[in-house]
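Single-structure report; data block below.
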Amino acid sequence: MSQSKTKKIKKIAVMTSGGDVPGLNACIRAVVRTAIFHQLKVVGIQHGFEGLIAGDFIHLQAQSVSNIIQLGGTILKSSRSELFKTKEGRLIAYENIKKEKIDAIVLIGGDGSFAGVKAFIEEYADIPFIGIPKTIDNDIAGTDVCIGYDTALNTAMEAIDKIRDTAESHERIFLVEVMGRDSGYIAYGAGLASGAESILIPESKADIENLENILKKGWNRKKASLIIVVAEGDENGGANKTAEMVRKYMPTHYIGICILGHIQRGGSPSAADRILASKFGYTAVVALLEGKQNVMVGLQKNELCFTPFEAVRKQHLDINQSTLNMLNTLTS
């Protein structure tokens with residue numbers, strides 16, 4: 151594990167980068183309160199890497215993070231930065247860090263954010279970073295769960311439950327598209343939790359003929375509604391394309407489409423996300439004080455752990471035969 155030199159940390163910065171998720175404010179709160187407890191000064195970098203380049207800093211105190219644990223979004227705002235991908239952009243960012251006398255940075259982001267900071271670390275090794283994983287897709291290697299996933303999963307499940315009500319009332323088929331461009335975690339979890347008749351994910355090749363058989367079998371058993379949960383990254387092109395194919399097999403049936411979209415990224419974080427974010431924020435600051443650097447905090451097998459940035463990457467849902475057998479049994 152990377153360890154920093156004996157440089158004493160007096161001031162840290164915290165930033166959020168990439169797409170927003172529920173739980174970011176809970177994490178920011180934990181970082182700030184832990185830092186203050188250890189008599190550190192805290193700077194908030196607004197608008198992610200763009201703010202780092204623009205010198206968009208605010209000084210954070212205990213009052214700054216009062217009553218934010220329950221809020222969705224991020225009080226520090228977020229963005230994606232093309233300029234930070236250039237040497238010129240990273241140089242400006244480094245000069246701003248030195249000018250503000252920031253000794254270390256807590257980066258709350260996804261795999262793209264951690265990949266982006268690698269080049270910066272190679273060029274300016276005297277600035278330690280600790281990463282905290284957040285993404286509703288839950289697809290970052292080095293942790294079993296990311297900030298935002300639990301809330302998004304529950305949001306999707308609750309939406310599907312409501313769609314089931316109207317589908318049941320009118321005896322209809324609905325395809326519900328959830329987020330997950332490269333990962334099926336939300337589709338798998340929400341589909342399983344809501345009793346969907348079929349779940350289509352990027353990690354498993356979709357068999358449209360088999361889907362047709364599942365739907366026809368359901369109608370033959372006098373089911374009043376059928377729900378298909380589709381990850382946006384499904385190879386067929388999401389819910390719209392899948393619906394076109396299903397209509398060819400079942401032209402007399404009403405096929406409804408509901409794309410949940412960005413509703414999954416908003417809202418008050420669940421208890422699980424608030425607790426996880428608090429643990430990660432606290433652990434990140436303590437890790438910096440212990441001399442760790444350029445690693446991501448994670449949770450594996452219910453134990454806190456650290457993964458070097460160079461080992462952080464996207465991971466996919468493990469669809470083994472046991473999982474397939476379970477899905478086939480519960481959706482048949």
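Quick note: the sequence shown uses our numbering, first residue 151, plus one each step. Glycine included, every Cβ here is placed at the ideal spot set by N, Cα and C.
- For Pro283, the number of other beta carbons within 10 angstroms of its own is at least 16, and it is reported as buried.
- Burial of Asp170 is indicated by the presence of at least 16 other C-beta atoms within 10 angstroms of its C-beta.
- When secondary structure is reduced to three states using DSSP, Met446 falls in the strand class.
- Within its own chain, the residues whose Cβ lies closer than 6 Å to the Cβ of Ser354, once the five positions on either side in sequence are excluded, are Ile469, listed in chain order.
- Between the alpha carbons of Asp289 and Lys249 lies a distance of about 36 Å.
- Between Glu382 and Gly330, the C-beta gap is smaller than 7 Å, which places the two residues in contact.
- Using a Cβ-Cβ distance cut-off of 8 Å, the region 189-204 and the region 156-165 are in contact, since at least three pairs of beta carbons, one from each stretch, lie closer than that value.
- DSSP, reduced to helix, strand and coil, places Thr166 within a strand of the structure shown.
- The residues Pro352, Lys355, Ala356, in chain order, have a CB closer than 8 Å to that of Glu385 in the same chain once the five nearest residues on each side in sequence are set aside.
- With respect to the 7 Å criterion, Asn444 and Phe459 are classified as neighbours on the basis of their beta carbons.
- Following the DSSP letters along the chain, one finds Ile280 inside the beta strand (DSSP E) bounded by residues 279-283.
- If you ignore the 5 residues before and after Gly262, its C-beta comes within less than 7 Å of the C-beta of Gly168, all in its own chain and listed in chain order.
- Taking a C-beta distance under 7 Å as the contact criterion, Val379 and Ile349 qualify as a contact pair.
- Here the alpha carbons of Glu327 and Cys408 stand approximately 6 Å from one another.
- A straight line joining the alpha-carbon of Gln450 with that of Asp423 spans about 15 Å.
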